[in-house]
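Numbering (our numbering), first residue to last: 3 to 294.
Where is the CB? At the ideal position from N, CA and C, for every residue including glycine.
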Amino acid sequence: MKKFTYLIPKSTDEAISMHESHGKRAKYIAGGTDVIVKIKEGKLSPDYLISLKHITSLNQLALNKETGKLHIGALVTHGMLEESSLIRTQYPILHDAVTNIGSVQIRNVATIGGNLVNAVPSADGAIPLIALDAKVEFYGPKGEQSEDLIRFFLGPGQNILERSEILTEITVPPLLPNTGSAYIKFGRRAAMELPLLGVGVLLSLDEDLKHCVKARIGLGVAAPTPMRAMEAEQFLTGKAIDEDMASEAGRIAAKESRVRDSIRGVAWYRREMVSVLVKRMGLMCLERIRDL
Ligand SMILES: Cc1cc2nc3c(=O)[nH]c(=O)nc-3n(C[C@H](O)[C@H](O)[C@H](O)COP(=O)(O)OP(=O)(O)OC[C@H]3O[C@@H](n4cnc5c(N)ncnc54)[C@H](O)[C@@H]3O)c2cc1C
Numbered sequence: 003m004k005k006f007t008y009l010i011p012k013s014t015d016e017a018i019s020m021h022e023s024h025g026k027r028a029k030y031i032a033g034g035t036d037v038i039v040k041i042k043e044g045k046l047s048p049d050y051l052i053s054l055k056h057i058t059s060l061n062q063l064a065l066n067k068e069t070g071k072l073h074i075g076a077l078v079t080h081g082m083l084e085e086s087s088l089i090r091t092q093y094p095i096l097h098d099a100v101t102n103i104g105s106v107q108i109r110n111v112a113t114i115g116g117n118l119v120n121a122v123p124s125a126d127g128a129i130p131l132i133a134l135d136a137k138v139e140f141y142g143p144k145g146e147q148s149e150d151l152i153r154f155f156l157g158p159g160q161n162i163l164e165r166s167e168i169l170t171e172i173t174v175p176p177l178l179p180n181t182g183s184a185y186i187k188f189g190r191r192a193a194m195e196l197p198l199l200g201v202g203v204l205l206s207l208d209e210d211l212k213h214c215v216k217a218r219i220g221l222g223v224a225a226p227t228p229m230r231a232m233e234a235e236q237f238l239t240g241k242a243i244d245e246d247m248a249s250e251a252g253r254i255a256a257k258e259s260r261v262r263d264s265i266r267g268v269a270w271y272r273r274e275m276v277s278v279l280v281k282r283m284g285l286m287c288l289e290r291i292r293d294l
C-alpha cells in the first residue's frame, strides 16, 4: 500500500486549511472503511490523509426539544445510531438500515457522513434519511451551506461537495404525529453484501389513523443515485391506506424506478421487487403506527 502522511486536525477550520494547502494530494478520512479499501485497490493514492475523527463537534447525536429537529453529526457511526434508543423508537426506518450495514466491526467505525459522501446508489444510510426529508449541512472555504439530501447526490460516487468542503451534520425535521417508517435492505444476504435494492417507506396518518397525510418512498439501487418515488407518494397522499392502496403504490413506484441490469440482479426482477417491497414496507409502517 502506498505511504501517506496522516494529519489529525482538531477543528473543521484546521482540517479545511490543511486540505486547501495540499489540494488534490489530500483526502479526508472518517472511519476509513471506504477510503482505505480504495487505497488498497489502487483506486486512490493520496499523499495526505486528513482525519476528521478528532473533531468532536462532528459526532453529536441529539434531538433538539425546542425545534423537534434531529441533529446527526457527520462522524456519528452506524453503531452509535444502532445503539440509540431515540433512533430505535422514533426513527425505526434509520434503525432498520444501520443495523444491517456491514458487520459489528464495520458499524463501530464507519460513519453516516462517510456513507453519504461516498454517494453510491446502494448507500444504506441515504435512503431512510431521504424518506425523513433530511438536510445536509456542510462547511468549507465558502462558509456554511445547507441542502436537501435528495439534491446532494449527482451520480454514482458524485455529490455536490466542492474542494475542501466538509459534511458537518445531517438534520431531520420534526416528525408528524402518527408516523410509521420502515426500511428493508434486500439481497441474498442481509449483511456484508451490497444490496440488490434498498426500500424505505414513511407514512403519516391523520387522527382517524386511516388517511395518509404524508408519504415518502426512498429507493436505493433503483437509479444512478438514491431516489424518491414521488408519483407513488402523491398517489398515497389523502387516501385511506389499506393493502390494495399499498399494492398500487408499489406498482407506481416500480414504474418510476430506473433500475438496470447488473451482476447482482437483472432489471425486471429488481422492478418487480420494488413493487413487492414498497407494499411490504407500507404495511409495516401501518403496523408500527398501530403500535405507537
Ligand atoms: C466490509 C464492508 C462492508 C460494508 N457494508 C456496507 C453496507 O452494508 N451498506 C453500506 O451502505 N455501506 C457498506 N460499506 C461501505 C462503508 O462502510 C460505508 O459507506 C461507511 O458508512 C463509510 O463511512 P466511513 O466513515 O468509513 O467513510 P470513509 O471511508 O472515511 O470516507 C468515505 C468518503 O467520504 C469522505 N468523507 C468522509 N467523511 C466526510 C465528511 N464528514 N466530509 C467530507 N468528506 C467526508 C472521504 O474523503 C471519502 O471520500 C461497507 C464497507 C466494507 C469495507
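_Buried or exposed, going by whether 16 or more other CB atoms sit within 10 Å of the CB of Pro123?_
Residue burial is scored here from C-beta neighbours: Pro123 has at least 16 other C-beta atoms within 10 angstroms and is therefore classed as buried.
*Measure the Cβ-Cβ separation of Tyr141 and Ile10 and say whether it is below 9 angstroms.*
The Cβ atoms of Tyr141 and Ile10 lie no closer than 9 angstroms to each other.
*Measure the CB-CB distance between Val106 and Ile89 and report whether it falls below 9 angstroms.*
Contact: no.
_Among Ile186, Pro158, Ile41, Leu204, nearest to Leu178 - alpha-carbon criterion_ = If we check each option's Cα against that of Leu178, Leu204 comes out closest.
*asked:* Tell me whether Ile254, by its Cβ, gets closer than 8 angstroms to a heavy atom of ligand 2.
replied: Within the structure as shown, ligand 2 is missing, the only ligands being ligand 1.
*Using the rule of at least 16 other Cβ atoms within 10 Å of the residue's Cβ for burial, across every protein chain shown, is Ile2 buried or exposed?*
Absent from the structure is residue 2, since the part of the chain shown begins at 3 and ends at 294.
*asked:* Assuming Leu169 and Ala76 are in contact, meaning their beta carbons sit under 8 angstroms apart, how far apart are those beta carbons, in whole angstroms?
replied: Beta-carbon to beta-carbon, Leu169 and Ala76 are separated by about 5 angstroms, close enough to satisfy the 8 angstroms threshold.
*asked:* Just verifying my parser: in three-state terms, what is the DSSP assignment at Lys40?
replied: Lys40 falls in the helix class under three-state DSSP.
*asked:* Just checking Tyr30 against ligand 1 - is the residue's beta carbon closer than 8 angstroms to any of the ligand's heavy atoms?
replied: Flag set: Cβ of Tyr30 near ligand 1.
*Does DSSP put Leu72 in a helix, a strand or coil?*
Strand.
*Answer yes or no: do Thr113 and Gly33 have a C-beta to C-beta separation smaller than 9 angstroms?*
At the C-beta level, Thr113 and Gly33 come within 9 angstroms of one another.
*Does the beta-carbon of Gly70 have 16 or more other beta-carbons within 10 angstroms, so that it is buried, or is it exposed?*
Within a 10 Å sphere around the beta-carbon of Gly70 sit fewer than 16 other beta-carbons, which makes this residue exposed.
*Taking Val201 as the reference, which of Cys214, Ser183, Lys55 has the closest Cα?*
Each of Cys214, Ser183, Lys55 was checked against the Cα of Val201, and the nearest Cα belongs to Ser183.
*Could you check if Lys144 is buried or exposed, using at least 16 other CB atoms within 10 Å of its CB as the buried criterion?*
Per the 10 Å Cβ criterion, exposed.
*By DSSP, does His97 sit in helix, in strand, or in coil?*
Here His97 sits in helix by DSSP.
*If you draw a straight line from the alpha carbon of Ala136 to that of Glu43, how long is it in whole angstroms?*
Going by the C-alpha atoms only, they are around 33 angstroms apart.
*Do you know how far the Cα of Ile74 is from the Cα of Gln147?*
For Gln147 and Ile74, the gap between their C-alpha atoms comes out near 16 angstroms.
*asked:* Let me confirm a value: Ser166 is counted as buried when at least 16 other C-beta atoms fall within 10 Å, else exposed. Which label applies?
replied: Burial check for Ser166: the Cβ neighbour count within 10 Å reaches 16 or more, so the residue is buried.
*Of all the options Met286, Val111, Val276, Ala251, which has the alpha carbon lying nearest to the alpha carbon of Val78?*
For the residues Met286, Val111, Val276, Ala251, the minimum Cα distance to Val78 belongs to Val111.
_Per the DSSP calculation, Ala64 is bridged to which residue(s)?_
Beta-bridge pairing by DSSP links Ala64 to His73.
_Boundaries of the alpha helix (DSSP H) in which Gly81 is found, first to last residue_ = Taken as a continuous stretch (DSSP letters only), the alpha helix (DSSP H) holding Gly81 covers 80 to 85.
*Below 7 angstroms CB to CB, which residues in the same chain sit around Glu258 once its five sequence neighbours on both sides are set aside?*
So the list reads Ala231, Glu233, Ala234, once near-sequence residues are dropped.
*Whose C-beta lies closer than 8 angstroms to the C-beta of Ile41 among residues of the same chain, with five residues either side of it excluded?*
Shown here for Ile41: same chain residues with a beta carbon closer than 8 angstroms to its own, the five before and five after excluded, namely Met3, Lys4, Phe6, Ser47, Pro48 in chain order.
*From the DSSP output, in three-state form, read off Ser124 for me.*
The DSSP-derived three-state label of Ser124 is coil.
*If you check the beta carbons only, do Asp244 and Pro197 fall under 9 angstroms apart?*
Taking the C-beta atoms as reference points, Pro197 is found no nearer than 9 angstroms to Asp244.
*asked:* Suppose you measure from the CA of Arg253 to the CA of Val276; what does that come to, to the nearest Å?
replied: Using only the alpha carbons, I get a separation of about 8 angstroms.
_Using only the alpha-carbon positions, how far apart do Pro176 and Leu54 sit?_
Roughly 28 angstroms separates the two Cα atoms.
*Hey, how far is the Cα of Gly1 from the Cα of Asp263?*
The structure shown does not extend to residue 1, since the chain is modelled only from 3 to 294, so the question has no answer here.
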